[in-house]
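Chemist: Before we start, here is the structure in question, set down as structure tokens.
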Amino acid sequence: MPLAPADALTKKLKWDDFTHLDKDPPKPGGTAQAALTDVDYSYTAAKVWSDDGKKYKMSQNPTITTRMHPDCWVANFVFDFPQAEQDELLKHEQLHYQIGVLAARDCAEGFNALQNKEYDNTQDATDEFNALFATLDVKKIQLKYDKDTHSQPRKFPVKQKAWATAIGLVSASKEKKLRPTLIASSLIDDTM
Numbered sequence: 003m004p005l006a007p008a009d010a011l012t013k014k015l016k017w018d019d020f021t022h023l024d025k026d027p028p029k030p031g032g033t034a035q036a037a038l039t040d041v042d043y044s045y046t047a048a049k050v051w052s053d054d055g056k057k058y059k060m061s062q063n064p065t066i067t068t069r070m071h072p073d074c075w076v077a078n079f080v081f082d083f084p085q086a087e088q089d090e091l092l093k094h095e096q097l098h099y100q101i102g103v104l105a106a107r108d109c110a111e112g113f114n115a116l117q118n119k120e121y122d123n124t125q126d127a128t129d130e131f132n133a134l135f136a137t138l139d140v141k142k143i144q145l146k147y148d149k150d151t152h153s154q155p156r157k158f159p160v161k162q163k164a165w166a167t168a169i170g171l172v173s174a175s176k177e178k179k180l181r182p183t184l185i186a187s188s189l190i191d192d193t194m
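The working numbering puts the first residue of the sequence shown at 3, with every later residue one more than the last.
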């Protein structure tokens with residue numbers, strides 16, 4: 003099952019990829035949300051009759067498509083930060099994006115494994131497809147990433163590096179899966 007677009011796994015975010023919003027900057031000593039990154043998914047995978055007409059299976063060549071959610075934004079006050087701080091925040095947002103895309107890659111590989119499987123009824127096929135598609139729900143992982151780093155990569159560089167290292171391992175290897183790698187790195191537990 004292909005993951006689309008072809009550059010989804012290697013895409014490097016730029017601030018131009020985000021909607022720029024006028025938001026109040028943080029008060030001295032305070033914090034304010036500076037950006038939001040989320041990934042949207044769509045997939046094409048239909049259930050079709052098998053060759054004997056008695057069972058169902060997945061259509062050939064299903065695709066998962068990823069894109070940055072149109073509601074992604076960056077606060078304009080970010081551009082008043084020193085360049086190094088802007089760069090660190092963009093790297094933080096890049097990891098949010100990669101978490102979403104790597105979940106999509108893992109899901110696509112799961113669909114590949116189901117491509118030749120036959121089902122006795124459409125409900126069994128639907129249940130298995132939906133269970134696999136549910137692996138794309140990475141909200142708890144995203145929240146844990148922000149909790150660990152306090153959404154402040156420059157102030158919490160050790161945690162930021164731990165997440166970047168784990169995500170880098172998954173990105174660099176088709177054999178590494180997102181959730182098992184994050185669990186092995188003690189960044190999430192198995193309920194996420």
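Every residue, glycine too, gets a C-beta built ideally from N, C-alpha and C.
1. From the DSSP output, read off the bridge partner residues of Glu120.
2. Exposed or buried, which one is Glu95 when buried takes at least 16 other CB atoms within 10 Å?
3. Assuming Asp150 is part of the alpha helix (DSSP H), what are its boundary residues?
4. Give me whichever residues DSSP pairs with Leu11 in a beta bridge.
5. Within a Cβ cutoff of 6 Å, which residues of the same chain sit near Arg107, ignoring the five residues on either side of it in sequence?
6. I need the boundaries of the alpha helix (DSSP H) containing Ile169, first residue and last residue.
7. Taking only the alpha-carbon atoms, compute the straight-line gap between Leu23 and Lys29 and give it to the nearest angstrom.
8. Just verifying my parser: in three-state terms, what is the DSSP assignment at Ile190?
9. On the criterion of 16 or more Cβ atoms from any shown chain inside 10 Å, does Pro155 qualify as buried, or is it exposed?
10. Kindly indicate which residue of Ser187, Pro159 and Phe158 has the alpha-carbon position closest to the one of Leu171.
11. Since I believe Asp18 is in contact with Met70 (beta carbons under 8 Å), could you give me their beta-carbon distance rounded to a whole number of angstroms?
Modeler: Reading off the structure:
1. Lys59
2. buried
3. Lys141 to Thr151
4. Paired residues: none, contrary to the question.
5. Leu5
6. Pro159 to Ala174
7. 17 Å
8. coil
9. buried
10. Ser187
11. In fact, because the Cβ distance is near 11 Å, the residues do not count as touching under 8 Å.
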